[in-house]
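Taking it in order: structure first as C-alpha cells, then the write-up.
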Amino acid sequence: MEEENKKIESETENEEAPITESKGKDVSGSEAPKSAFEEWIPKTELGRKVKNGGILDINTVLDEGKKIKETEIVDILISDLETDLLLIGQAKGKFGGGKRRVFRQTQKKTKEGNKPHFMTLAVTGNKNGFIGIGSGKAKETVPAREKAYRKAKLNIIKIRRGCGSWQCGCKSGHSIPFKVRGKCGSVEIELIPAPKGTGLMAEKECQKILRLAGITDIWSRTKGKTTTKINLVAACFDALKKLMKTKIKAEHYDVLGVVGGFQK
Ligand SMILES: [Zn+2]
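This is the structure in C-alpha cells:
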C-alpha cells in the first residue's frame with residue numbers, strides 16, 4: 059500500500075541549505091574539471107573515446123544516436139552546463155494549497171512504520187541548444203537529487219531554435235522555428251514561436267527548461283491537468299524533442315533563422 063503525497067515535511071524546512079553542505083561531493087558542480095577528468099576511468103567505449111580525445115564534439119555523439127551512459131562524457135563535451143531543480147512537490151496547505159517544493163514526498167506504509175521516499179526532477183542545459191531532464195527517487199533528499207542530476211545529463215538532447223514568428227522575422231535563434239506539441243499523461247502543451255521581447259509565456263517550471271535550452275521568447279498553450287507538474291514538465295520536454303524531428307526544407311533554414319544545437 060502506498061499513499062501518495064502524504065506530507066510529513068515540516069513547514070519551516072528549507073530544502074536547499076542543509077543539503078548542499080551535507081555532502082562534499084557535488085555531482086553538478088565541477089570545481090576542478092581537470093583532476094576529475096584525470097581521475098575518471100571510462101567504462102564504456104564511448105567514454106574511452108571521449109577521454110582519449112577521439113570524440114571532441116557532443117554533436118558527434120548525439121547525431122549518431124549513441125546512448126550516453128556516463129555523465130563525464132556530457133561534462134567534458136559541454137563545459138558550460140547549468141543545472142536546476144524543478145518544483146514538482148507540493149505541500150498540502152490548509153487553505154488552497156501549500157508552497158511548491160523541489161521534492162515530492164511519498165510514503166510507504168510498512169510494519170516498521172512509514173518509510174518516506176523523495177522524488178525530484180532536475181533540468182540541465184547550456185542555454186545554447188542542449189537540454190536534458192531527469193528524475194531521481196530515493197529514501198533521502200541528497201541521493202534523490204544526485205540521481206536526478208545524473209539522469210538529466212544522460213538524457214541530454216539537442217534542440218533547434220529559430221524565429222518562426224511572422225511578426226518578427228529577425229532570423230535569429232531567440233525562439234523556435236515552428237510550433238511543436240508535446241504530451242505526457244493527460245497534459246498537452248503547445249509551444250509557439252513568438253517575436254523578440256515576448257519573454258517566456260509559459261508555466262514557471264517550463265520556463266526553467268526553456269531558459270536553459272537557450273530560448274528567450276515563446277508562447278504556449280496547455281491542456282489537461284497541468285497541476286501535475288511532473289507531466290507538464292515531461293510534456294514540455296517532449297515538445298522540445300520534436301524540434302529535431304520535423305524536417306525543414308533547405309530553403310527555409312535561413313528564413314526561419316534555424317540554429318541547431320551547437321556549442322560555443
Ligand atoms: Zn525573431
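Using the numbering used here, the first residue of the sequence shown is number 59, and each one after it goes up by one. Ideal Cβ placement from N, Cα and C applies to all residues, glycine included.
Distance cut-off 7 Å: residue i Cβ against heavy atoms of ligand 1
i, result
"serine 223", "yes"
"cysteine 242", "no"
"lysine 254", "yes"
"glycine 227", "yes"
"histidine 175", "no"
"serine 137", "no"
"serine 278", "no"
"serine 193", "no"
"histidine 310", "no"
"serine 230", "yes"
"serine 93", "no"
Residue i (DSSP reduced to helix, strand or coil)
i, result
"valine 316", "coil"
"cysteine 226", "coil"
"isoleucine 66", "Confidence at isoleucine 66 is low in this model, with a pLDDT of 42, below 50, so the placement of that residue is unreliable and no value is reported for it."
"cysteine 242", "strand"
"leucine 104", "helix"
"isoleucine 113", "coil"
"lysine 262", "helix"
"threonine 285", "coil"
"glutamate 248", "strand"
"threonine 199", "helix"
"isoleucine 215", "strand"
"threonine 280", "strand"
"glycine 82", "Any answer about glycine 82 is weak, because its pLDDT of 43 lies below 50 and its placement is not dependable; what the coordinates show is given next. DSSP places glycine 82 in coil when its eight states are reduced to three."
"glutamate 74", "Low local confidence applies: a pLDDT of 42 at glutamate 74 is under 50, so the model's placement there is unreliable, and no value is given."
Buried or exposed by the 16-neighbour rule on C-beta atoms within 10 Å, applied to residue i
i, result
"alanine 324", "Since the first and last residues shown for the chain are 59 and 322, residue 324 lies out of range."
"cysteine 228", "exposed"
"glycine 190", "buried"
"isoleucine 273", "buried"
"glutamate 96", "exposed"
"alanine 308", "exposed"
"serine 68", "With a pLDDT of 39 at serine 68, under the threshold of 50, the predicted position of this residue should be treated as unreliable, though the coordinate-derived value follows. Label assigned to serine 68: exposed."
"isoleucine 146", "buried"
"isoleucine 99", "exposed"
"leucine 314", "buried"
"tryptophan 368", "The structure shown does not extend to residue 368, since the chain is modelled only from 59 through 322, so no value can be given for it."
"asparagine 184", "buried"
"arginine 162", "buried"
"leucine 298", "buried"
"asparagine 110", "exposed"
"asparagine 289", "buried"
"aspartate 142", "buried"
Contact with chain D by residue i, beta-carbon distance below 8 Å
i, result
"methionine 177", "No chain D is present in this structure, which holds just one protein chain."
Quiz item: Which whole runs of the beta strand (DSSP E) in the segment 132–196 are 3 residues long or more, in chain order?
Solution: 140–144, 162–168, 171–183, 188–196
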